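Undergrad: Sharing a structure below in structure tokens format, with a few things to ask.
Protein chains: 2
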Amino acid sequence: MTITAYTKTVGEVAAQSGVAASAVRFYEQHGVVAAVRTQGDQRRFDESAACRIRVARMAQRVGLTVREIAEVFATLPRDPQPADWARVAEALVTEAEARTAALRDQLAAMRWGARPGDLA
Amino acid sequence: MTITAYTKTVGEVAAQSGVAASAVRFYEQHGVVAAVRTQGDQRRFDESAACRIRVARMAQRVGLTVREIAEVFATLPRDPQPADWARVAEALVTEAEARTAALRDQLAAMRWGARPGDLA
DNA sequence: TCGCGGGTTCGACCGATATTGAAGTCCACC
DNA sequence: GGTGGACTTCAATATCGGTCGAACCCGCGA
């Protein structure tokens with residue numbers, strides 16, 4: 001049973017997640033990732049940080065805000081297991097599908113400017 | 001064959017589409033809707049304007065930007081017919097589904113931190 | 001003719017999502 | 001125990017998607 005430690009620097013997490021270090025700090029400020037501080041006040045992230053950020057970026061593409069993503073991630077325990085990630089993944093995909101379905105339904109419900117007499 | 005005229009004021013379009021008049025002007029600036037001007041320099045929109053804006057708002061919910069939406073709408077002719085709207089609707093839903101699929105695929109492709117030896 | 005409820009432009013401001021730069025600190029390696 | 005690269009904070013800047021207010025214009029009805 002390996003204890004997942006807080007060992008990654010902001011730069012390492014940035015490299016592993018494909019975003020700028022400034023974005024990693026931004027995500028920490030907004031609760032997408034968590035960090036502890038060294039004696040010298042530097043951030044140290046755990047293994048899940050890069051993962052969280054990669055997932056967050058994908059979720060942003062389907063219209064979720066950073067706040068919404070942080071809320072979903074708030075349900076993750078420390079050192080998330082595959083089952084925890086699976087649950088989060090499903091929540092995100094379900095939300096994306098719900099929004100797409102809402103788009104489709106509302107589009108379908110529109111009367112498309114069918115002015116009576118126009119097609120008659 | 002009714003010729004669709006430019007008759008709606010900003011306020012009318014705003015009311016019909018459920019957004020503020022300032023937003024209608026914003027959408028015009030960004031190519032989501034088009035307007036002609038009266039002698040007195042006032043905007044006049046056609047019937048499709050409110051429709052475009054309602055659709056645009058839905059599309060924003062699934063992560064499309066105003067620019068992307070404007071590009072899709074750029075394919076609409078003047079006085080769009082139901083078939084034109086159907087094509088646009090399909091393009092938007094398809095894009096939303098593609099983004100959701102990308103999210104799901106990338107989530108599925110992740111190794112979920114399965115560190116060798118951890119589950120052993 | 002006057003009033004007034006719209007419309008107009010323009011620029012300031014907002015919140016979200018970051019990026020950049022300055023000034024200073026930390027720490028890993030030699 | 002240096003040195004240099006990576007880290008820190010804070011403020012400014014940028015883009016996106018709007019909103020608001022000021023100051024002004026336009027047309028309609030009393």
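Going down the list, the protein sequences come from chains U and L. Okay, so the first sequence: first residue is 1 according to UniProt numbering, each after it adds one. Okay, so the second sequence: first residue is 1 according to UniProt numbering, each after it adds one. The beta carbon of each residue, even a glycine, is placed where N, CA and C say it ideally should be. As the structure is a prediction and not an experimental result, all values here were calculated from the model.
(1) For a test of the three-state rule: what should DSSP assign to Ala5 (chain L), helix, strand or coil?
(2) For Glu95 (chain U), count neighbouring C-beta atoms within 10 Å of its own C-beta (all shown protein chains included) and say buried if the count is 16 or more, exposed if not.
(3) By a C-beta neighbour count over all protein chains shown, 10 Å radius and 16 as the cutoff for buried, is Gly40 (chain U) buried or exposed?
(4) Can you list, in chain order, the residues of its chain whose CB lies under 6 Å from that of Leu119 (chain L), leaving out five sequence neighbours each side?
(5) Please report the distance separating the alpha-carbon of residue 163 (chain L) from that of Val32 (chain U).
(6) Measure the C-alpha to C-alpha separation of Ala98 (chain U) and Thr38 (chain L) and round it to an integer number of angstroms.
(7) When you compare only the Cα positions, how much space is there between Glu68 (chain U) and Ala56 (chain U)?
(8) Thinking Arg52 (chain L) and Leu103 (chain U) are a contact (beta carbons under 8 Å), I'd like their distance in whole angstroms, please.
(9) Report all residues from its chain with a CB closer than 8 Å to the CB of Lys8 (chain U); omit the five preceding and five following residues, and keep chain order.
(10) For the alpha helix (DSSP H) holding residue 125 (chain L), just list the boundary residues, first then last.
(11) What is the DSSP secondary structure of Val32 (chain L), counted as helix, strand or coil?
(12) Under the rule that 16 or more other beta-carbon atoms within 10 Å means buried, what is Ala59 (chain L), buried or exposed?
(13) Check whether the Cβ atoms of Thr75 (chain L) and Val88 (chain L) lie closer than 8 Å to each other.
(14) Near Glu28 (chain U), which residues of its chain fall below 6 Å by C-beta distance, leaving aside the five closest residues on each side in sequence?
(15) Going by DSSP, which residues form a beta bridge with Arg37 (chain L)?
(16) List, in order along the chain, the chain L residues whose C-beta lies closer than 7 Å to that of Gly63 (chain U)?
(17) So is Arg52 (chain U) in contact with chain L if we call contact Cβ pairs under 8 Å?
(18) What residues in the UniProt domain "HTH merR-type" (9–75) of chain L have a beta carbon less than 9 Å from any beta carbon of chain U?
(19) Counting only runs of 4+ residues fully inside the segment 71–102 of chain L, write out the alpha helix (DSSP H) ranges in chain order.
(20) Contact criterion: CB-CB distance below 8 Å. Does Thr7 (chain U) meet it with respect to chain L?
(21) Please state whether DSSP places Leu64 (chain L) in a helix, a strand or coil.
(22) Can you say whether Gly11 (chain U) is buried or exposed, counting buried as having 16 or more other CB atoms within 10 angstroms of its CB?
(23) List the residues of chain U that residue 138 (chain L) touches, going by C-beta distances under 9 Å, in chain order.
(24) Can you tell me which of the three DSSP states residue 121 (chain L) falls into?
(25) Are the C-beta atoms of Arg104 (chain U) and some chain L residue less than 8 Å apart?
TA: According to the structure data:
(1) Three-state result, Ala5 (chain L): coil.
(2) Its Cβ being crowded by 16 or more others within 10 Å, Glu95 (chain U) is buried.
(3) Classification for Gly40 (chain U): exposed.
(4) The pLDDT assigned to Leu119 (chain L) is 37, lower than 50, so where the model puts this residue is not dependable, and the model offers no usable value.
(5) The displayed coordinates of chain L run from 1 to 120. Any statement about residue 163 (chain L) would go beyond what the structure contains.
(6) 42 Å
(7) 10 Å
(8) In fact, because the Cβ distance is near 15 Å, the residues do not count as touching under 8 Å.
(9) Gln16, Arg44, Phe45, Asp46, Glu47, Ala49 and Ala50
(10) In the structure as shown, chain L starts at 1 and stops at 120, and residue 125 (chain L) therefore has no counterpart that could be examined.
(11) coil
(12) Under this definition Ala59 (chain L) is a buried residue.
(13) yes
(14) Ala35
(15) Note: Arg37 (chain L) sits in a beta bridge opposite L:Arg43.
(16) Arg61, Val62 and Gly63
(17) no
(18) Glu47, Ser48, Cys51, Arg54, Val55, Met58, Ala59, Gln60, Arg61, Val62, Gly63 and Leu64
(19) none
(20) no
(21) Coil.
(22) exposed
(23) Examination of residue 138 (chain L) is not possible in this model, given that chain L is present from 1 through 120 alone.
(24) Only positions 1 to 120 of chain L appear in the structure, and residue 121 (chain L) is not among them; the question remains open.
(25) With 8 Å as the cut-off, Arg104 (chain U) counts as an interface residue toward chain L.
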